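Chains as they are written, first to last, in the working numbering: chain A, 3 to 306; chain B, 16 to 240.
Structure below.
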């Protein structure tokens with residue numbers, strides 16, 4: 003391919019796009035809608051997944067030992083509990099450590115510091131934070147910790163059961179995926195049909211030119227490429243529009259939602275997802291749909 | 016230059032060409048005559064690879080065109096110019112642009128197009144009409160633009176399928192004179208026509224075709240059926 007032919011093809015592609023501008027607009031819009039739906043569902047998916055991940059991490063069991071127990075005793079029980087194969091980790095904080103932590107946390111508060119200094123003995127219990135390997139093991143573990151076996155040592159077992167929330171989120175995620183695939187598929191099909199029709203009309207409008215091109219010895223490639231150029235233009239424009247719509251969502255709305263779901267959390271830079279990837283995926287999707295439908299139209303209606 | 020060897024072309028049950036043998040030499044002017052539907056157009060279409068043969072062989076300069084790859088057909092067509100009864104000019108382009116279009120699609124650069132097209136239009140005697148649109152020209156002039164377009168690749172062979180079919184006597188005469196002139200400049204010409212008076216004027220080789228068969232070949236012949 004020489005550069006003159008390449009430039010001519012691009013030019014013809016633009017001319018075709020412009021001559022059928024209303025149809026081109028319709029094709030671009032349908033493609034844009036498809037991409038917008040895809041992006042929305044994609045973002046929802048990422049967000050839900052992120053929420054599940056975050057909330058799963060917050061589930062744990064806190065065991066508060068009775069005050070006044072000897073350090074040796076609490077450590078012995080800690081070791082006993084840690085041996086449970088269902089447990090992933092057991093984070094032990096001794097009474098003295100808890101006291102130090104508390105003091106450090108409130109060192110700028112003179113009132114608390116003063117009251118602490120007046121204490122003769124440590125009012126804080128030793129604690130054990132237990133994380134299970136499996137979400138479903140939590141109730142069992144909590145039950146065991148509350149049983150008679152530990153009754154003399156354990157003051158309180160605190161178990162926040164977030165499994166219901168997680169369960170619900172999982173259902174939402176499943177719904178998003180199923181519903182998303184169906185919705186994207188339906189709109190992809192509509193986009194294919196609209197682009198197919200648009201290109202077919204372009205082919206029809208240029209029937210004479212195509213016939214003459216063939217007779218004077220234009221290569222098949224030269225005859226076909228302007229139609230492909232036209233469809234690539236749909237992909238480019240629809241990707242640009244979608245990206246323009248989602249830049250504010252990604253940079254303004256998303257951080258707020260993330261902050262709500264997990265204060266201090268961020269989707270940026272931690273590899274969860276990158277906006278450039280989304281743009282690339284969108285363009286690839288648009289290109290795939292429009293080139294595929296154009297190839298279909300060319301095969302069916304463009305006699306070479 | 017072109018050899019038809021036992022060529023058969025069939026459309027469903029209808030034999031358009033049946034056992035056709037024909038030889039065309041370099042620089043010849045051949046009139047292919049016969050009534051409408053006799054197979055003249057089919058014969059021309061086979062030469063440019065627009066239709067595939069169902070039997071026999073067609074050799075162009077010893078190349079069997081049924082062996083030419085589909086992707087190479089455009090390059091074959093660049094060596095063969097073709098004009099039609101319905102002319103096929105692009106209505107929204109001027110005479111100059113119509114000729115330029117043929118050169119554009121084959122990848123010639125602008126400088127070459129700008130220097131070549133006026134020469135070709137001059138050859139067909141229409142340089143003064145280069146900025147006219149098809150609707151501003153007579154039938155004969157339009158056909159001469161179409162011939163100019165066919166000549167833009169400097170073809171070795173020019174096929175004319177009823178080029179005077181829609182033209183009155185004066186315009187037809189102009190077109191015929193042009194074809195003869197092109198032939199004199201060295202291009203082989205095959206003229207398919209059913210206009211007997213035209214053929215009788217030419218006094219060159221006449222090939223008569225009837226119901227898909229060549230029935231008569233005569234040097235400096237006359238139209239006879």
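A virtual CB, placed ideally from N, CA and C, is assigned to each residue, including glycine.
Note that the coordinates shown come from a computational prediction; the quantities given were computed from them, not determined experimentally.
Please go through the same chain and pick out, in chain order, the residues whose beta-carbon is closer than 6 angstroms to the beta-carbon of residue i, but skip the five residues on each side of it.
| i | result |
| --- | --- |
| residue 76(A) | 67 and 128 |
| residue 252(A) | 277 |
| residue 13(A) | none |
| residue 19(A) | 26, 232 and 235 |
| residue 38(B) | 18 |
| residue 132(B) | 111, 114 and 115 |
| residue 72(B) | 20 and 79 |
| residue 98(B) | 161, 162, 165, 175 and 178 |
Kindly identify the DSSP beta-bridge partner or partners of residue i.
| i | result |
| --- | --- |
| residue 30(B) | 25(B) |
| residue 64(A) | 131(A) and 160(A) |
| residue 171(A) | In the DSSP output, where bridge partners are listed per residue, residue 171(A) has none listed. |
| residue 179(B) | According to DSSP, which records beta bridges pairwise, residue 179(B) is partnered with nothing at all. |
| residue 220(B) | 45(B) |
| residue 225(B) | 228(B) |
| residue 174(B) | 97(B) and 205(B) |
| residue 94(A) | 130(A) |
Spell out whether any CB of chain B is found under 8 angstroms from the CB atom of residue i.
| i | result |
| --- | --- |
| residue 18(A) | no |
| residue 205(A) | no |
| residue 231(A) | no |
| residue 23(A) | no |
| residue 295(A) | no |
| residue 10(A) | yes |
| residue 35(A) | no |
| residue 238(A) | no |
| residue 7(A) | yes |
| residue 273(A) | Note that residue 273(A) has pLDDT 48, beneath the 50 cutoff, so the model's placement of it is unreliable and the number below is only indicative. So, not an interface residue. |
Compare the C-beta of residue i against all C-beta atoms of chain A and say whether one is closer than 8 angstroms.
| i | result |
| --- | --- |
| residue 119(B) | yes |
| residue 122(B) | yes |
| residue 149(B) | no |
Please work out which residues of its chain come closer than 8 angstroms, Cβ to Cβ, to residue i, disregarding the five sequence neighbours upstream and downstream, and give them in chain order.
| i | result |
| --- | --- |
| residue 171(A) | 50, 53, 54 and 57 |
Using a threshold of 8 angstroms, state whether the C-beta atoms of residue i and residue j are closer than that.
| i | j | result |
| --- | --- | --- |
| residue 161(B) | residue 102(B) | yes |
| residue 141(B) | residue 159(B) | yes |
| residue 230(B) | residue 48(B) | no |
| residue 145(B) | residue 117(B) | no |
| residue 24(B) | residue 68(B) | yes |
| residue 240(A) | residue 60(A) | no |
| residue 160(A) | residue 64(A) | yes |
Output needed for residue i: all residues of its chain with C-beta closer than 7 angstroms, excluding positions within five of it in sequence on either side, in chain order.
| i | result |
| --- | --- |
| residue 41(A) | 244, 248, 280 and 284 |
| residue 213(B) | 179, 187 and 191 |
| residue 199(B) | none |
| residue 169(A) | none |
| residue 43(B) | 203 and 220 |
| residue 158(A) | 66 |
| residue 32(A) | 192, 193 and 196 |
Interfacial residues, the segment 93 to 109 of chain B to chain A, with Cβ spacing under 9 angstroms:
93, 94, 95, 96, 97, 99, 103, 104, 105 and 106
Mind checking the segment 156 to 190 of chain B against chain A and listing, in chain order, the residues whose C-beta falls within less than 9 angstroms of any C-beta there?
164, 165, 167 and 168
For the segment 133 to 149 of chain B, which residues have a beta carbon sitting closer than 7 angstroms to at least one beta carbon of chain A?
none
Check each residue of the segment 66 to 93 of chain B: if its Cβ is closer than 9 angstroms to any Cβ of chain A, include it; give the result in chain order.
85, 86, 88, 89, 90, 91, 92 and 93
With 9 angstroms as the C-beta to C-beta threshold (strictly closer), list the residues of the segment 206 to 231 of chain A near chain B in chain order.
210, 211, 213, 214, 215, 216, 217, 218, 219, 220, 221, 222, 223, 224 and 225
With 7 angstroms as the C-beta to C-beta threshold (strictly closer), list the residues of the segment 277 to 305 of chain A near chain B in chain order.
none
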